[in-house]
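What the sequence shown shows, in the working numbering, is residues 14 to 313, in sequence order.
See structure below.
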Amino acid sequence: MTDSELAGELRELADHPHLAARRDQLNDLANAITDPGRAGRWCEVDLFAAFAPDDSILVDDEPVDTTSSPRRPRWRRGLGAAVGPALVFVPILITWLGLMMATGAYGDVLDDGGVDAARRPFLEMWQQGFDGRLPRLFEFGNIALCTLAAIFCLICWTVYENIARNSREDASERALRALRVRLRGALTEASLVLGQVRLSSPERFGAELSRTAADIGFVGTTARKVHTELVEALTLTLEATRKTTDALAGSAIDVRDAVELLSGHLAAINNTCDDLAAVVARASTVIKVQDASQKIRTPR
Numbered sequence: 014m015t016d017s018e019l020a021g022e023l024r025e026l027a028d029h030p031h032l033a034a035r036r037d038q039l040n041d042l043a044n045a046i047t048d049p050g051r052a053g054r055w056c057e058v059d060l061f062a063a064f065a066p067d068d069s070i071l072v073d074d075e076p077v078d079t080t081s082s083p084r085r086p087r088w089r090r091g092l093g094a095a096v097g098p099a100l101v102f103v104p105i106l107i108t109w110l111g112l113m114m115a116t117g118a119y120g121d122v123l124d125d126g127g128v129d130a131a132r133r134p135f136l137e138m139w140q141q142g143f144d145g146r147l148p149r150l151f152e153f154g155n156i157a158l159c160t161l162a163a164i165f166c167l168i169c170w171t172v173y174e175n176i177a178r179n180s181r182e183d184a185s186e187r188a189l190r191a192l193r194v195r196l197r198g199a200l201t202e203a204s205l206v207l208g209q210v211r212l213s214s215p216e217r218f219g220a221e222l223s224r225t226a227a228d229i230g231f232v233g234t235t236a237r238k239v240h241t242e243l244v245e246a247l248t249l250t251l252e253a254t255r256k257t258t259d260a261l262a263g264s265a266i267d268v269r270d271a272v273e274l275l276s277g278h279l280a281a282i283n284n285t286c287d288d289l290a291a292v293v294a295r296a297s298t299v300i301k302v303q304d305a306s307q308k309i310r311t312p313r
């Protein structure tokens, strides 16, 4: 699709009655497609967010029509909506009109025939036209036939209206989907065109480079900050490790000194035990010598 074709598509969409709320913006976008000087203001706009179909397409109670066929006039739509409720009362109107005419003719028969006329069944006289006093159209059979015809017409009209309404709703939904597809397609093509304009403009290119450089600088600053924090954390960890190692080394020296002192005390105790054992041995020897001397001195 060329730029001129895209601009024409955007203008057709702008003229669509269900996009009337966005007509000015779509026309301005179409002009920006063909005029690079106006494209700058649209280069930074997210077209899919600005022209979201759910917010841009305003649908009333009429089907969405994307063709060139004319709509039904409002008076025809109003008439079609009023015929159905009116047909409900037509059988009742015919019935009561027939009863009114029949009761009038029955009263005339009673006035002329007296008691003998009153003995005849009312329905029979109605079927016979009350002896010619009731117009043939209002006889019972004709009234019943007209009532059935009115009920039949009401049923046919109701079925027709339901089928027509369902058809209109289906056509409306299909046309609405088609309109959304057209709008998305046009916005996609416009985004591609504006992207080329944005990249080809020196100012835009410089802005993109500046923004990229700012992003890279931000990444570098963040990396330096993380590196500094990591070095500080490692330094604190090494310092804590050194203090812990020094404490453990001091504790080991104290334990070694205590072990050496304990060994000295144990050696002293061993020496004392040896001296005690020697004294005990000498004492035992002396006791044995004394016992032997005593035995020698004592005569037998």
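From the three backbone atoms N, C-alpha and C, an ideal C-beta is built for every residue, glycine too.
Values in this document were obtained by computation on a predicted structure and should not be read as measured data.
For A45, the enclosing alpha helix (DSSP H) has its first and last residue at R36 to T47. Between F153 and W170, the gap from beta carbon to beta carbon reaches 7 Å or more. Between the region 188-206 and the region 15-33, the count of C-beta pairs closer than 8 Å reaches three or more; the two stretches touch. By the C-beta criterion, the region 33-40 is judged not to be in contact with the region 53-60, since fewer than 3 inter-stretch pairs fall below 8 Å. DSSP places L60 inside the alpha helix (DSSP H), whose first and last residues are L60 to A63.
Distance from the CA of A271 to the CA of E252, rounded to the nearest whole angstrom, comes to 29 Å. In the pairwise beta carbon analysis, the region 141-152 is classified as not touching the region 192-199: fewer than three pairs are separated by under 8 Å. Per DSSP, reduced to three states, the secondary structure at H31 is helical. Comparing alpha carbon positions, the residue from R193, D228, K256 and L289 closest to H31 is R193. When the five nearest sequence neighbours on each side are left out, the beta carbons in the same chain lying within less than 7 Å of the beta carbon of L207 are those of A52, W55 and C56, in order along the chain.
Listed in chain order, the non-local C-beta contacts of T160 below 6 Å within the same chain comprise P104, I107 and T108, local neighbours out to five positions each way being set aside. Judged by beta-carbon spacing, I164 lies beyond the 7 Å limit of G111, meaning their Cβ atoms are not closer than that value. P98 sits in a helix when the DSSP states are folded into three classes.
Excluding its 5 nearest sequence neighbours in each direction, N179 has no C-beta neighbour in its own chain below 6 Å. In this structure, the alpha-carbon of T15 lies about 42 Å from that of I176.
Counting C-beta atoms within 10 angstroms of its own C-beta, M114 has 16 or more neighbours from the protein chains shown and is therefore classed as buried. If you compare the alpha carbons of Y119, I266 and K238 with that of L147, the shortest gap goes to Y119.
Remark: C-beta atoms of E174 and G97 approach each other more closely than 7 Å.
Burial state of S276 is exposed, judged by a 10 Å Cβ sphere holding fewer than 16 other Cβ atoms. V206 carries a helical assignment under DSSP once its states are collapsed to helix, strand and coil. Collapsing the DSSP output to three states places Q141 in coil. Comparing C-alpha distances from L167 to each of V239, L100, S69 and L247 shows the shortest one belongs to L100.
Annotated three-state conformation of P134 is coil, per DSSP.
Here I70 is buried, its C-beta having at least 16 other C-beta atoms within 10 Å. Counting only the Cα atoms, A27 lies some 56 Å from L158. Less than 7 Å divides the Cβ of V210 from the Cβ of P49.
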